[in-house]
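Each residue of the sequence shown is one higher than the one before, starting from 456 at the first, in my numbering. Glycine included, each C-beta is placed from N, C-alpha and C at the ideal position. What follows is a single structure, written as structure tokens, with notes after it.
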Amino acid sequence: MESGPHQERIWTAALVVIGDEILSGRTQDKNVAQLATWLNVQGIRLVEVRVVADRTEAIVEAVNTLRARNDYLFTTGGIGPTHDDITVDAIAEALGVAVIEHAEARAILDHYYAERGGVTAARARMARTPEGASLIPNRVSGAPGIRVGNVFIMAGVPHITAGMLDALTGTLEGGRPVVSRTIGCWVGESEVADLLRTAEKAHEGVAIGSYPFFREGRTGANFVVRSADPALADDCIRALIDALEKAGHAVVHDGI
């Protein structure tokens, strides 16, 4: 993937979407668009996507094919607490390494579930990683994502994936420096979803992350605008503030 002497090197990524529920149509995937937009802001190009079933051999083949011909490979799905979440085991097999209980991941789960019923045997599965892996922070639901080599193993639930991507922003080699602008609103995310999409589409080169929360007995969300171009980020955040205020929502600058 090296380019000519007068061309900028193009860094590429692929995505493997894992899950029978996607292939059956029971669940509509949202992570392709989300990852593509995020990568575009980083200056990395998503060049191929494959959707595979929850079968070890299918995951192994897809992972080994796509990680070999791209700078980065992302996977979504199949890393939860149930017995049929086999992504970690399949990727470890693809890489030729063992599956271990990651001490840092276990400590994160112990802390997160301390007041949520404790770490059950099922929840403990989410501390399993391929040997040699590092963790991707997950501020949404405790269980971290996993990085091993050029492979990033992420949740299938889109808003959890968004939080993991947020933690990776600006960290990938080959990516551009990314600036961010944050605002918050006491509003349900679903109430302003169309408004967010409109703002993002109107500002090419910008990604808008939405991070809902429930606090003080109220529902709210923080919105983070990211771009490699500070002026573009500023333009988009101004447009977003204007649209939110016109819709009757008070905006909290720098987030809630």
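Please tell me whether residue i and residue j are closer than 7 Å, where the distance is taken between their beta carbons.
i      : j      : result
Gly604 : Ile591 : no
Pro667 : Glu644 : yes
Asp709 : Thr637 : yes
His704 : Cys640 : yes
Ile477 : Val506 : yes
Asp526 : Thr482 : no
Cys691 : Val680 : yes
Glu503 : Ala558 : no
Leu687 : Gly660 : yes
Arg594 : Gly618 : yes
Val471 : Asp484 : no
Asp509 : Asp475 : yes
Of the choices the options, whose alpha-carbon is the least far from that of residue i?
i      : options                           : result
Glu646 : Pro632, Glu628, Ser665 and Thr637 : Ser665
Ser596 : Ala488, Glu586, Asp509 and Thr616 : Thr616
Glu671 : Ile711, Arg652 and Asp690         : Ile711
Ala513 : His658, Glu548, Thr674 and Asp484 : Glu548
Leu620 : Ala686, Asp565, Ala491 and Pro585 : Ala491
Pro585 : Ile563, Ile546, His566 and Gly611 : Ile546
Thr674 : Leu695, Val642, His658 and Lys656 : Val642
Ala698 : Val472, Leu651, Thr530 and Ala558 : Leu651
Glu655 : Val606, Arg693, Asp475 and His566 : Arg693
Leu501 : Ala648, Asp484, Phe529 and Glu516 : Phe529
Val707 : Ala676, Met609, Ile473 and Ala588 : Ala676
Thr511 : Ala702, Leu550 and Asp689         : Leu550
Ile608 : Arg464, Asn486 and Ile563         : Asn486
Val518 : Val606, Lys701 and Ala662         : Val606
Ser635 : Asp689, Arg561 and Lys701         : Asp689
Ile563 : Ala588, Ala488, Ala598 and Ser682 : Ala598
What residues match up with residue i in a beta bridge as DSSP calls it?
i      : result
Val661 : Ser682
Thr637 : Val679
Gly600 : Ile591
Val706 : Cys640
Ile608 : Thr530 and Ile601
Can you find a C-beta in chain D that's less than 7 Å from the C-beta of residue i?
i      : result
Ala698 : You won't find chain D in this structure, because it holds only one protein chain.
Do the region 625–641 and the region 481–499 touch if we need at least three Cβ pairs shorter than 8 Å?
Counting Cβ pairs under 8 Å, three or more are found: they touch.
Which runs of the alpha helix (DSSP H), 4 residues or longer, sit entirely within the region 467–530?
475–479, 486–497 and 511–523
Do three or more CB pairs link the region 580–588 to the region 528–537 at distances below 8 Å?
yes
Segment contact, 8 Å Cβ cut-off, at least three pairs: the region 552–564 with the region 519–528:
Short answer: they don't touch.
Closer than 8 Å is the cut-off here; do at least three beta carbon pairs connect the region 557–576 with the region 537–547?
no
Counting only runs that start and end within the region 532–579, where is the beta strand (DSSP E) found for 3 or more residues in a row?
554–556
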